[in-house]
């Protein structure tokens, strides 16, 4: 299935590189272009086969692209999409891979609407917000994986302004990469991710930061698993928190309340209550599988 | 190197089974005996090659054993060791694999001293507290692994009452299984493990329990890693908490204070402070390696 002649990936790190590898392996496009800010990253991505062509210049990278996937940090995505729209051909579909959606989608829709209202000579392009729930604490195209999206969920966040055909094509794209697709509102997405990803990051970071240097060698598999995501890039994560402050605060309060229940049971030596809390947690975790 | 003719493992689950496999693979003993409460577990352990002989009867299992390793839940270890001492030959070394040490060591030393004072006909045996920092949330001999202890730390917790030669032999045993050995007081061990293992378990459980059923499918790798240990057996973990209440409450307070710092930075939209907290956490986690 060929979805587009030209796919342009903006930001060829772990996610962008994986999209390139997956699209090429599955023959979804004729050409995969990478647009980046550093020639070195682009060269590595090309050497790894994640992209066919490397660009530092947006205008050249976006010319004639039918599909554009923006895989940059969440605080850069909306601005880039609004700016890049003018370099795209009419009918081009732009999507992203950002871990937050409400702020990005609102800024993109407002920016694209402003273009239109100002009667700038901007072609009619379509935006669909996406978030593939895949990745890791690692960065860079050398960690890219053609199977990264296989059997993982990608959340698309259409709004009343979203073009129905563009949504279908975006869905087909992620499905073709191996992903299962789910639609949510941008707000529901952000509330869900606060609990499934953003607060776990804070909790992992709080645990990691609490470990004194002299106890590091005693941190075994359990501690390593529990804190692994705290190795994620701090600037990327700070940007995520700026986008999702309210939902993260609510989700954090829920987790803190659970921790307090554990603390109270412990302090009261109420082993029955503690055991019940552990059983509830185990049931949830067991339901997730490995 | 043959450390003993007969090694008896009490409790042939993941840890006990791994000790048996490792001891047999390395030729450390002539015979590995398994002592358990259920014939089915013993049969599985024998079928997997983790033990040579299976026993339900302590007296038969312990006769002539030079080394006994008790791998049962922490709330059973001390009582078993004190009871089993009378079945052991003079000079036998008993050790354990419990995740807590202060309560176990105190109860064993008091129990063995009482035997002596009461002039019971109890042979002179030696106890050394051990805790191999290895394992997982899984249970049962089918998860045993001959390399489980390779390059992992085992903490030994001698006291002024510990026999120096028995300590050396216990050290040699864990070293021969591939482990690195570290000596700590039982109290220091428990304070350290509160932070590196027991509180991470509570935090993982609090996170897991906070996940509503409708969001389970959105829990990706990060959530799974962060909550993996919450799948551990709730009765085993409740017993651990009963043994280490004070240290766990202190360590929990430290982690809660860190979480509160994150919450305050978020609530104040102090992204600089939030970024600094994330950087500190990342530095610790990066230092641990994968």
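Protein chains in written order, with this note's numbering: chain A, 187 to 476; chain B, 187 to 476. Built from N, CA and C at the ideal position, the CB exists for glycine as well.
- prompt: Leaving out the 5 sequence neighbours to the left and right, which residues in its chain are closer than 7 Å to residue 417 of chain B when beta-carbon positions are compared?
  reply: Excluding positions up to five away in sequence, the list reads 323.
- prompt: CB residue 311 of chain B to CB residue 274 of chain B, shorter than 8 Å?
  reply: yes
Per-residue contacts from residue 508 of chain B into chain A (C-beta, under 8 Å): Given a span of 187 to 476 for chain B in the structure shown, any question on residue 508 of chain B remains unanswerable.
*Contact set between the segment 406-423 of chain A and chain B, restricted to residues whose Cβ is under 9 Å from the partner*: 406, 407, 408, 409, 410, 411, 412, 413, 414, 415, 416, 417, 418, 419, 420, 421 and 423
**Asked** Whose CA, out of B/446, B/315 and B/194, lies closest to the CA of residue 270 of chain B?
**Response** Nearest of B/446, B/315 and B/194 to residue 270 of chain B, Cα basis: B/194.
- Message: Please report the distance separating the alpha-carbon of residue 231 of chain A from that of residue 327 of chain A.
- Response: 6 Å
ask   = Nearest to residue 368 of chain A by alpha carbon, out of B/403, B/360 and B/259?
value = B/403
Review point. On the three-state DSSP scale, how would you describe residue 474 of chain A?
Key: DSSP places residue 474 of chain A in helix when its eight states are reduced to three.
Contact criterion: CB-CB distance below 8 Å. Does residue 444 of chain B meet it with respect to chain A? yes
Residue 466 of chain B: contacting residues in chain A (beta-carbon distance under 7 Å)
395
Open item on the list: Looking at chain A, is there any beta carbon in it that lies within less than 8 Å of the beta carbon of residue 347 of chain B?
Closed with: no
Please give the ranges of any beta strand (DSSP E) in the segment 326-382 of chain A, keeping only runs that are unbroken, at least 3 residues long and fully inside the region. Taking only runs of at least 3 residues, the beta strand (DSSP E) segments lying wholly in the segment 326-382 of chain A are 339-342 and 366-369.
- Message: My assumption, with CB atoms under 8 Å, is that residue 254 of chain A sits in contact with residue 248 of chain A. Please give the rounded CB distance.
- Response: Residue 254 of chain A to residue 248 of chain A, Cβ: 6 Å. Contact.
Between residue 344 of chain B and chain A, is the shortest Cβ-Cβ distance under 8 Å, so that the two count as touching? no
If we count the other Cβ atoms within 10 Å of its Cβ and call it buried at 16 or more, is residue 318 of chain B buried or exposed?
buried
Practice problem: Starting from residue 240 of chain A, follow the alpha helix (DSSP H) in both directions and report where the run begins and ends. | Solution: No alpha helix (DSSP H) contains residue 240 of chain A, which is instead part of the beta strand (DSSP E) from 239-241.
Just confirm the distance between the C-beta atoms of residue 386 of chain A and residue 393 of chain B, as a whole number of angstroms; I'd bet it's less than 8 Å. 6 Å
Residue burial classification, residue 377 of chain A (beta-carbon count within 10 angstroms, cutoff 16) | buried
* Of all the CB atoms in chain A, is at least one closer than 8 Å to the CB of residue 282 of chain B? -> no
Where residue 266 of chain B falls, given that 16 or more other Cβ within 10 Å makes a residue buried: buried
Identify every run of the alpha helix (DSSP H) within the segment 431-469 of chain A, keeping only runs that are complete inside it and at least 4 residues long; order them along the chain.
Inside the segment 431-469 of chain A, DSSP marks whole alpha helix (DSSP H) runs of 4 or more residues at positions 431-453, from first to last along the chain.
Could you tell me whether the Cβ of residue 364 of chain B comes closer than 8 Å to any Cβ of chain A? By this cut-off, residue 364 of chain B is not an interface position.
Checklist entry - Do you know how far the Cα of residue 218 of chain B is from the Cα of residue 430 of chain A? => result 57 Å
Which residue's Cα is closest to the Cα of residue 225 of chain A: A/459, A/233 and A/240? A/240
Q.
So with CB distances below 9 Å, who are the chain A contacts of residue 431 of chain B?
A. Neighbours of residue 431 of chain B in chain A, taken as residues whose beta carbon is under 9 Å from its own, are 452, 453 and 455 in chain order.
For this session: Would you please verify whether the beta carbon of residue 338 of chain A is less than 8 Å from any beta carbon of chain B?
Result: Chain B, which has a Cβ nearer than 8 Å to the Cβ of residue 338 of chain A, makes this yes.
Over the uninterrupted alpha helix (DSSP H) stretch that includes residue 244 of chain A, give me the two end residues.
244-248
Taking just the CA atoms, how far does residue 203 of chain A sit from residue 233 of chain A?
As the crow flies, the alpha-carbon of residue 233 of chain A is around 11 Å from that of residue 203 of chain A.
Can the beta-carbon of residue 362 of chain A be found closer than 8 Å to that of residue 338 of chain A? no
*What distance in whole Å lies between the Cβ atoms of residue 341 of chain B and residue 370 of chain B, which are believed to be in contact at a cut-off of 8 Å?*
5 Å
* Would you report the Cα separation of residue 212 of chain B and residue 238 of chain B, rounded to the nearest angstrom? -> 14 Å
Quick one, are the C-beta atoms of residue 244 of chain B and residue 276 of chain B less than 8 Å apart?
Not a contact, by the Cβ cut-off of 8 Å.
Go to residue 312 of chain A, then tell me how far its alpha helix (DSSP H) extends in each direction, as first and last residue. DSSP places residue 312 of chain A in no alpha helix (DSSP H) but in the uninterrupted beta strand (DSSP E) bounded by 312-314.
Along the alpha helix (DSSP H) that carries residue 297 of chain B, what are the first and last residues, could you check? Looking at the DSSP string, the run of the alpha helix (DSSP H) that includes residue 297 of chain B is 288-303.
C-beta neighbour in chain B for residue 461 of chain A, strict 8 Å: yes
message: Determine, for residue 472 of chain A, whether the minimum Cβ-Cβ distance to residues of chain B falls below 8 Å.
response: yes
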